[in-house]
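Down below is the structure, laid out as structure tokens.
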Amino acid sequence: MDNTPSTPGKFKMEKGSYFHRPRWHTSLAKLAFWSFVFLGLMFIFFFRTPSIPSPSLRTYNNFGAAWEKRVRSSARIRSPNGVSVLVTGAAGFVGTHVSAALKRRGDGVLGLDNFNDYYDPSLKRARQALLERTGVFIVEGDINDVDLLKKLFEIVAFTHVMHLAAQAGVRYAMENPGSYVHSNIAGFVNLLEVCKSMNPQPAIVWASSSSVYGLNTKVPFSERDRTDQPASLYAATKKAGEEIAHTYNHIYGLSLTGLRFFTVYGPWGRPDMAYFFFTRDILKGKSIPIFEAANHGTVARDFTYIDDIVRGCLGALDTAEKSTGSGGKKTGPAQLRVFNLGNTSPVPVSELVSILERLLKVKAERNIMKLPRNGDVQFTHANISYAQSEFGYKPKTDLQNGLKKFVQWYINYYSDGKKADQ
1 MDNTPSTPGK FKMEKGSYFH RPRWHTSLAK LAFWSFVFLG LMFIFFFRTP
51 SIPSPSLRTY NNFGAAWEKR VRSSARIRSP NGVSVLVTGA AGFVGTHVSA
101 ALKRRGDGVL GLDNFNDYYD PSLKRARQAL LERTGVFIVE GDINDVDLLK
151 KLFEIVAFTH VMHLAAQAGV RYAMENPGSY VHSNIAGFVN LLEVCKSMNP
201 QPAIVWASSS SVYGLNTKVP FSERDRTDQP ASLYAATKKA GEEIAHTYNH
251 IYGLSLTGLR FFTVYGPWGR PDMAYFFFTR DILKGKSIPI FEAANHGTVA
301 RDFTYIDDIV RGCLGALDTA EKSTGSGGKK TGPAQLRVFN LGNTSPVPVS
351 ELVSILERLL KVKAERNIMK LPRNGDVQFT HANISYAQSE FGYKPKTDLQ
401 NGLKKFVQWY INYYSDGKKA DQ
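Residues 1 to 422, numbered by full-length UniProt numbering, are exactly what the sequence shown covers, in order.
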């Protein structure tokens, strides 16, 4: 069962102005704060993260005539106005759906994924098999492998990069901080280094996160709001990514569009997300932890269905202007944007559980707990007016209907002899 999103063809929207950036605070205090953050992150990276072996010490099983043929075939454009896209994190939740949507409309699509074990790798392999049936080949490799990235660009002159590879999860950062710096900062820099040297340079659309709003209490969150109070290391690495994007845009002329996703859910989702493991635990008769903030405050999320996120990703890609650099040299100002992609309708987590109870026809055992100080925030709410004006972004799926589709997928997927223990 595919359950991939049905996304229409390219958006034909009028392009907006080059820049729509938040008003960055430039006080010495904030400069000192971010200097401390970057130094801390780099300390973690160098002292806590195992280094990748030098390419000279590895043997590439991938490289060869047959492998290159698969790469070229997957990236071949099949529609008159199509583009050629490298999708990093293609075996991930969002990456799988975006890759399928791009391929379905005739774009050339090549995936890249390291298939790590942050969550059940068999789910990633199942997504890989799903994409293979649509003609998308996923190269198994890491964005920190510069030689591999250069090889892929040598074979295919990508017009765009959809950078969705990242170490996800807020709470896991407390256990394995180095992995976040390794993937979300070092990996992003490596990718940008390769892209800047291309001639022509590709336009880049990449996944930031709504977590950058951190402890901000002004809602709904707007792209112009402050993002200097991250509540987790994950959020800090995504914020760092936005600053890095600004640097490469300013110096090298790379066209960069950041997307701040708000709590994405749906079929083929991530097992570490609440809606996913709530479903698993309700069916197993396990208690469901429901967090509440201080003074019994409600914890709510702007849950956004995967099809809506995919439409936002494609809209951002279709309105991305060309990079202005060539071979590492900037020839003029380049487009730099950041968008919120959310549903605009925050729902209490307790209501999420109630909807799952009705869909599963099972009463959940609820365990009310205080919101821990592990990076989670009380409330998220997206202002999407900028994305609406730039490429007509408009979410269509409410939580009730979105969860219905997820539960249908979940029951079918795990009733087919697969285990939901991870």
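Glycine included, C-beta positions come from ideal geometry on N, C-alpha and C.
- The alpha carbon of residue 187 has as its nearest neighbour, out of 163, 107, 78 and 340, the alpha carbon of 163.
- Per DSSP, residue 245 is one residue of the alpha helix (DSSP H) stretching across 233 to 252.
- The C-alpha of residue 345 is placed about 37 Å away from the C-alpha of residue 195.
- Per DSSP, the unbroken alpha helix (DSSP H) holding residue 97 starts and ends at 93 to 104.
- For residue 150, the closest C-alpha among the options 197, 130, 320 and 135 is that of 197.
- As computed with DSSP, residue 278 is found in no beta bridge at all.
- The closest CA to that of residue 342, considering only 104, 273 and 262, is found on 262.
- Among the bridge pairs identified by DSSP, residue 340 is matched with 260.
- Remark: C-beta atoms of residue 87 and residue 99 approach each other more closely than 8 Å.
- In the DSSP secondary-structure assignment, residue 301 is bridged to 347.
- Cβ atoms of residue 203 and residue 250 stay farther apart than 8 Å, at about 16 Å.
- Taking residue 148 as the centre and dropping the five residues before and after it, the same chain places the C-beta of 141 closer than 7 Å to its C-beta, in chain order.
- Every beta strand (DSSP E) stretch that sits fully inside the segment 363 to 399 and reaches 3 residues is listed by chain position as 365 to 370.
- Between residue 336 and residue 399, the C-beta spacing is not below 8 Å.
- Taking the Cα of residue 259 as reference, the smallest distance to any Cα among 303, 327, 285 and 212 is reached at 212.
- Rounded to whole angstroms, the separation of the alpha carbons of residue 102 and residue 287 is 40 Å.
- Around the Cβ of residue 138, a 10 Å sphere holds 16 or more other Cβ atoms; the residue is buried.
- Per the Cβ contact rule, the segment 232 to 248 is not in contact with the segment 357 to 367 (fewer than 3 Cβ pairs under 8 Å).
- Here residue 108 carries a strand assignment [DSSP, helix/strand/coil].
- Inside the segment 96 to 182, DSSP marks whole alpha helix (DSSP H) runs of 4 or more residues at positions 121 to 134, 146 to 155 and 177 to 180, from first to last along the chain.
- Membership of residue 73 in the alpha helix (DSSP H) is indicated by the continuous run 65 to 75.
- A check of alpha carbon separations from residue 70 across 300, 155 and 89 identifies 155 as the nearest.
- Note on geometry: alpha-carbon atoms of residue 239 and residue 210 lie some 10 Å from one another.
- Of the other Cβ atoms in all chains shown, fewer than 16 fall within 10 Å of the Cβ of residue 368; this residue is therefore exposed.
- Spatial neighbours of residue 403 in its own chain (CB-CB distance under 8 Å, excluding positions within 5 residues in sequence) are listed in chain order as 265, 275, 352, 355, 356 and 359.
- Around the beta carbon of residue 192, 16 or more other beta carbons sit within 10 angstroms, so the residue counts as buried.
- In this structure residue 327 is in contact with residue 199, their Cβ atoms being roughly 5 Å apart against a cut-off of 8 Å.
- In this structure, the alpha-carbon of residue 407 lies about 12 Å from that of residue 415.
- Burial check for residue 255: the Cβ neighbour count within 10 Å reaches 16 or more, so the residue is buried.
- Within the same chain, and ignoring the five residues on either side of residue 169 in sequence, the residues whose Cβ sits closer than 6 Å to its Cβ are 272.
- DSSP places residue 188 inside the alpha helix (DSSP H), whose first and last residues are 187 to 196.
- Put simply, the backbone Cα of residue 278 is about 17 Å away from that of residue 370.
- Between residue 317 and residue 205, the beta carbon gap of about 5 Å places them in contact (Cβ cut-off 8 Å).
- The three-state secondary structure of residue 316, taken from DSSP, is helix.
- For residue 206, the enclosing beta strand (DSSP E) stretches over residues 203 to 207.
- Ranked by Cα distance from residue 248, the first of 113, 233 and 332 is 332.
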